[in-house]
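Asks: According to my numbering, the sequence shown is numbered sequentially starting from 1.
Backbone N, C-alpha and C define an ideal beta-carbon position, used for all residues, glycine too.
Keep in mind it's a predicted model, so treat the numbers as computed, not measured.
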Amino acid sequence: MGRQDRDVRISLQTLRVLEAFLENPTDQLAGADVQKRSGLASGTLYPILLRLESAGWFVSRWEVIDPSSAGRPRRRLYRLTSSGLARASEVFASLGRGVPA
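1) Please classify glutamate 53: is it buried, with 16 or more other beta-carbons within 10 angstroms of its beta-carbon, or exposed?
2) If arginine 72 sits next to tryptophan 62, beta carbons under 8 Å apart, how far is it from one beta carbon to the other, in whole angstroms?
3) Answer with buried or exposed for alanine 86, where buried requires no fewer than 16 other C-beta atoms within 10 angstroms of its C-beta.
4) Using the rule of at least 16 other Cβ atoms within 10 Å of the residue's Cβ for burial, across every protein chain shown, is alanine 88 buried or exposed?
5) Below 7 Å between beta carbons: does that hold for valine 64 and arginine 79?
6) For phenylalanine 92, which of Glu19, Thr26 and Pro25 has the nearest alpha-carbon?
7) Taking the beta carbon of threonine 26 as the centre, do at least 16 other beta carbons fall within 10 Å, making it buried, or is it exposed?
8) Give me the Cα-Cα distance between leucine 15 and arginine 9, rounded to the nearest whole angstrom.
9) Quick check on this structure: which residue in Leu49, Leu29 and Lys36 has the alpha carbon closest to the alpha carbon of serine 11?
10) In the DSSP assignment, the beta strand (DSSP E) including valine 59 goes from what residue to what residue?
So, in structure tokens, the structure goes:
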């Protein structure tokens, strides 16, 4: 995994990604879902997802489908880890915002 649970640079864009996941913390979201919720461009979004995953805030896996039957490519699904949820909650608390609902 990488820099497990290390400090992550928290930008406005990172907050928007975290907010997308905190709506329903147990959900697995594809990058396109996060992009719709956050309004971020893919060139901004995917580096943030990779950075948060390498820090242990997220885990990801490839969707288990047959692309030809589904008529689309497989999607990479991201999910907050328990550590990531705790860290994201700390970040929002430190900003005086609380966890988004």
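Replies: On the basis of the data shown:
1) Reading the sequence shown from its first residue, position 53 is the one you call residue 53. Glutamate 53 comes out buried.
2) Position 72 of the sequence shown, counting from 1, holds the residue named residue 72. Position 62 of the sequence shown, counting from 1, holds the residue named residue 62. 13 Å between Cβ atoms; not a contact.
3) Locating residue 86 in the sequence shown gives position 86, where the first residue counts as 1. Residue environment: alanine 86 is assigned as exposed (fewer than 16 neighbouring CB atoms within 10 Å of its CB, all protein chains considered).
4) In the sequence shown, residue 88 corresponds to position 88, counting from 1. In this structure alanine 88 is buried. Its beta-carbon is surrounded by 16 or more other beta-carbon atoms within 10 angstroms.
5) Translated into the one-based positions of the sequence shown, residue 64 becomes position 64. Translated into the one-based positions of the sequence shown, residue 79 becomes position 79. Going by C-beta atoms, valine 64 is not nearer than 7 Å to arginine 79.
6) If you number the sequence shown from 1, residue 92 lands on position 92. With distances taken between Cα atoms, phenylalanine 92 lies closest to Glu19.
7) Position 26 of the sequence shown, counted from the start, is the residue given in the question as residue 26. With fewer than 16 other Cβ atoms within 10 Å, it is exposed.
8) Stepping through the sequence shown from its first residue, residue 15 is reached at position 15. Stepping through the sequence shown from its first residue, residue 9 is reached at position 9. Spanning the alpha carbons of leucine 15 and arginine 9 requires a straight line of approximately 10 Å.
9) Position 11 of the sequence shown holds residue 11. If we check each option's Cα against that of serine 11, Leu49 comes out closest.
10) Within the sequence shown, numbered from 1, the residue matching residue 59 stands at position 59. It spans 58-62 - the beta strand (DSSP E) in which valine 59 sits, taken as one unbroken run.
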